[in-house]
Amino acid sequence: MVDFKAQLAKGYSAHQKASAAKEEVSDVLGELSQQVEDFTSGRVGVTLKREIASLMAEALGGLASVTSGLPANLPLKTQYNLVAFDKSRGMGSAERLASWMQANTGYPCTLRFEDTKHEAYDRKSLEAILGQLLASPETGRTISLMAAKAPKAIDDGGGDSAQ
124 MVDFKAQLAK GYSAHQKASA AKEEVSDVLG ELSQQVEDFT SGRVGVTLKR
174 EIASLMAEAL GGLASVTSGL PANLPLKTQY NLVAFDKSRG MGSAERLASW
224 MQANTGYPCT LRFEDTKHEA YDRKSLEAIL GQLLASPETG RTISLMAAKA
274 PKAIDDGGGD SAQ
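In my numbering, the protein residues as written are 124 to 286.
This is how it looks when you write it as C-alpha coordinates:
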(Lines of atoms letter the chains of each structure in order from A; the text may use other names.)
(Lines give C-alpha, C1' and ligand atoms only; values in the text may rest on other atoms or scores of the structure.)
Protein backbone atom coordinates (compact mmCIF):
# COMPACT_ATOMS: atom_id res chain seq x y z
CA MET A 124 0.00 0.00 0.00
CA VAL A 125 1.15 3.53 -0.76
CA ASP A 126 2.32 5.50 2.25
CA PHE A 127 0.07 8.54 1.79
CA LYS A 128 1.56 10.36 4.77
CA ALA A 129 5.01 10.12 3.19
CA GLN A 130 3.63 11.39 -0.11
CA LEU A 131 1.92 14.29 1.64
CA ALA A 132 5.17 15.11 3.43
CA LYS A 133 6.87 15.25 0.01
CA GLY A 134 4.13 17.61 -1.19
CA TYR A 135 4.60 19.87 1.83
CA SER A 136 8.35 19.94 1.27
CA ALA A 137 7.91 20.68 -2.44
CA HIS A 138 5.49 23.49 -1.59
CA GLN A 139 7.96 25.04 0.85
CA LYS A 140 10.77 24.91 -1.72
CA ALA A 141 8.55 26.37 -4.45
CA SER A 142 7.33 29.15 -2.16
CA ALA A 143 10.91 30.04 -1.24
CA ALA A 144 11.94 30.08 -4.92
CA LYS A 145 8.95 32.26 -5.88
CA GLU A 146 9.75 34.66 -3.05
CA GLU A 147 13.36 34.82 -4.25
CA VAL A 148 12.22 35.65 -7.80
CA SER A 149 9.87 38.29 -6.42
CA ASP A 150 12.73 39.81 -4.41
CA VAL A 151 14.95 39.97 -7.52
CA LEU A 152 12.18 41.65 -9.54
CA GLY A 153 11.57 44.08 -6.68
CA GLU A 154 15.24 45.00 -6.59
CA LEU A 155 15.25 45.40 -10.38
CA SER A 156 12.29 47.77 -10.24
CA GLN A 157 13.79 49.74 -7.35
CA GLN A 158 17.08 50.25 -9.17
CA VAL A 159 15.30 51.31 -12.37
CA GLU A 160 13.23 53.77 -10.33
CA ASP A 161 16.38 55.10 -8.65
CA PHE A 162 18.15 55.47 -12.00
CA THR A 163 15.18 57.33 -13.53
CA SER A 164 14.55 59.53 -10.47
CA GLY A 165 11.35 57.66 -9.67
CA ARG A 166 9.86 58.03 -13.15
CA VAL A 167 9.93 54.46 -14.50
CA GLY A 168 8.88 51.22 -12.83
CA VAL A 169 9.26 47.61 -13.94
CA THR A 170 6.78 44.85 -13.20
CA LEU A 171 5.20 41.67 -14.52
CA LYS A 172 1.95 42.22 -16.39
CA ARG A 173 -0.49 39.81 -17.94
CA GLU A 174 -1.14 41.10 -21.43
CA ILE A 175 -4.55 41.59 -23.07
CA ALA A 176 -3.46 39.52 -26.08
CA SER A 177 -3.03 36.48 -23.84
CA LEU A 178 -6.44 37.07 -22.29
CA MET A 179 -8.01 37.48 -25.73
CA ALA A 180 -6.40 34.26 -26.99
CA GLU A 181 -7.74 32.36 -23.99
CA ALA A 182 -11.20 33.89 -24.41
CA LEU A 183 -11.30 33.12 -28.13
CA GLY A 184 -10.07 29.57 -27.48
CA GLY A 185 -12.76 29.09 -24.85
CA LEU A 186 -15.42 30.51 -27.17
CA ALA A 187 -14.31 28.24 -30.01
CA SER A 188 -14.48 25.18 -27.77
CA VAL A 189 -17.98 26.10 -26.58
CA THR A 190 -19.28 26.59 -30.11
CA SER A 191 -17.64 23.41 -31.40
CA GLY A 192 -18.70 21.32 -28.42
CA LEU A 193 -15.12 20.19 -27.81
CA PRO A 194 -13.50 20.51 -24.38
CA ALA A 195 -11.37 23.62 -23.88
CA ASN A 196 -7.62 23.07 -23.86
CA LEU A 197 -6.44 26.10 -21.92
CA PRO A 198 -2.70 26.67 -21.57
CA LEU A 199 -1.08 25.16 -18.50
CA LYS A 200 1.20 28.16 -17.96
CA THR A 201 0.10 31.77 -17.91
CA GLN A 202 2.06 34.13 -20.16
CA TYR A 203 3.26 37.35 -18.62
CA ASN A 204 5.46 40.15 -19.90
CA LEU A 205 8.08 42.07 -18.02
CA VAL A 206 7.16 45.68 -18.71
CA ALA A 207 8.46 49.16 -18.02
CA PHE A 208 5.91 51.86 -17.28
CA ASP A 209 5.82 55.59 -16.63
CA LYS A 210 4.80 55.77 -12.98
CA SER A 211 2.98 59.08 -13.48
CA ARG A 212 0.83 57.57 -16.23
CA GLY A 213 0.21 54.14 -14.69
CA MET A 214 0.12 50.73 -16.32
CA GLY A 215 -1.59 52.12 -19.42
CA SER A 216 1.83 53.38 -20.50
CA ALA A 217 3.49 49.95 -20.11
CA GLU A 218 5.85 48.73 -22.81
CA ARG A 219 7.09 45.16 -23.04
CA LEU A 220 10.73 44.53 -22.30
CA ALA A 221 10.58 40.72 -22.40
CA SER A 222 8.10 37.89 -22.35
CA TRP A 223 8.13 35.97 -19.08
CA MET A 224 7.26 32.43 -18.10
CA GLN A 225 7.79 30.93 -14.68
CA ALA A 226 7.45 27.34 -13.54
CA ASN A 227 5.07 26.52 -10.70
CA THR A 228 8.15 25.59 -8.70
CA GLY A 229 9.58 29.12 -9.00
CA TYR A 230 12.39 28.16 -11.37
CA PRO A 231 13.09 28.03 -14.19
CA CYS A 232 12.11 31.49 -15.32
CA THR A 233 12.17 31.96 -19.07
CA LEU A 234 12.64 35.38 -20.63
CA ARG A 235 12.46 36.11 -24.35
CA PHE A 236 13.96 39.32 -25.68
CA GLU A 237 16.03 40.35 -28.69
CA ASP A 238 14.86 37.19 -30.52
CA THR A 239 16.55 34.94 -27.96
CA LYS A 240 15.36 32.70 -25.14
CA HIS A 241 17.06 32.91 -21.74
CA GLU A 242 16.42 30.47 -18.88
CA ALA A 243 17.25 31.15 -15.25
CA TYR A 244 17.53 28.24 -12.84
CA ASP A 245 18.57 30.20 -9.76
CA ARG A 246 18.98 33.72 -8.40
CA LYS A 247 22.43 34.23 -9.90
CA SER A 248 21.37 33.28 -13.43
CA LEU A 249 18.16 35.34 -13.15
CA GLU A 250 20.13 38.42 -12.10
CA ALA A 251 22.58 37.87 -14.98
CA ILE A 252 19.76 37.59 -17.54
CA LEU A 253 18.01 40.69 -16.19
CA GLY A 254 21.35 42.50 -16.40
CA GLN A 255 21.62 41.53 -20.08
CA LEU A 256 18.08 42.77 -20.63
CA LEU A 257 18.83 46.15 -19.04
CA ALA A 258 22.06 46.49 -21.05
CA SER A 259 20.28 45.91 -24.37
CA PRO A 260 19.86 48.91 -26.68
CA GLU A 261 16.09 48.33 -27.00
CA THR A 262 15.57 48.38 -23.23
CA GLY A 263 17.75 51.48 -22.95
CA ARG A 264 15.67 53.17 -25.66
CA THR A 265 12.35 52.23 -24.05
CA ILE A 266 13.28 53.37 -20.55
CA SER A 267 15.07 56.54 -21.67
CA LEU A 268 12.06 57.65 -23.74
CA MET A 269 9.75 57.09 -20.77
CA ALA A 270 12.04 58.95 -18.39
CA ALA A 271 12.39 61.86 -20.82
CA LYS A 272 8.64 62.50 -21.14
CA ALA A 273 7.14 65.15 -18.93
CA PRO A 274 5.27 63.52 -16.04
CA LYS A 275 1.50 63.48 -16.27
CA ALA A 276 -0.01 66.12 -14.01
CA ILE A 277 -1.79 64.73 -10.97
CA ASP A 278 -5.50 65.49 -11.01
CA ASP A 279 -6.63 66.56 -7.54
CA GLY A 280 -10.30 66.04 -8.32
CA GLY A 281 -10.96 69.59 -9.54
CA GLY A 282 -11.02 71.16 -6.09
CA ASP A 283 -9.59 74.63 -5.56
CA SER A 284 -6.37 74.19 -3.59
CA ALA A 285 -5.64 77.93 -3.17
CA GLN A 286 -7.50 79.52 -0.29
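Glycine included, C-beta positions come from ideal geometry on N, C-alpha and C.
From a predicted model like this one, the values you see are computed outputs, not experimental measurements.
Determine the burial state of residue i: buried for a count of at least 16 other Cβ atoms within 10 Å of its Cβ, exposed for fewer.
{"i": "Ala217", "result": "buried"}
{"i": "Thr239", "result": "exposed"}
Assuming residue i and residue j make a contact with CB atoms under 8 Å, what is their CB distance in whole Å?
{"i": "Ala226", "j": "Leu234", "result": "Rounded, the Cβ-Cβ distance is 13 Å, inconsistent with contact."}
{"i": "Glu237", "j": "Ser259", "result": "6 Å"}
What does DSSP give as the partner residue(s) for residue i in the beta ladder?
{"i": "Val148", "result": "BP columns for Val148 are empty, so no partner."}
{"i": "Asp209", "result": "Val167"}
{"i": "Lys172", "result": "Asn204"}
Shortest alpha-carbon distance to residue i belongs to which of the options?
{"i": "Gly213", "options": "Gly168, Asp245 and Glu147", "result": "Gly168"}
{"i": "Val159", "options": "Met224, Phe236 and Phe208", "result": "Phe208"}
{"i": "Trp223", "options": "Thr170, Met269, Glu147 and Pro274", "result": "Thr170"}
{"i": "Ala276", "options": "Tyr135, Phe127, Arg166 and Ser156", "result": "Arg166"}
{"i": "Ala143", "options": "Leu256, Asp126 and Gly229", "result": "Gly229"}
{"i": "Val148", "options": "Leu256, Glu250 and Leu268", "result": "Glu250"}
{"i": "Ser267", "options": "Lys240, Leu205, Ala129 and Ser164", "result": "Ser164"}
{"i": "Glu105", "options": "Leu256, Gly153 and Arg219", "result": "Here the chain comprises residues numbered 124 to 286, so residue 105 is not present and cannot be evaluated."}
{"i": "Glu154", "options": "Arg246, Arg264, Lys272 and Phe127", "result": "Arg246"}
Report the rounded CA-to-CA distance for residue i versus residue j, giving the unit in angstroms.
{"i": "Val151", "j": "Met124", "result": "43 Å"}
{"i": "Leu131", "j": "Ser211", "result": "47 Å"}
{"i": "Lys133", "j": "Pro274", "result": "51 Å"}
{"i": "Tyr203", "j": "Lys145", "result": "15 Å"}
{"i": "Ala270", "j": "Leu253", "result": "19 Å"}
{"i": "Ser156", "j": "Ala137", "result": "29 Å"}
{"i": "Leu256", "j": "Thr262", "result": "7 Å"}
{"i": "Thr265", "j": "Leu205", "result": "13 Å"}
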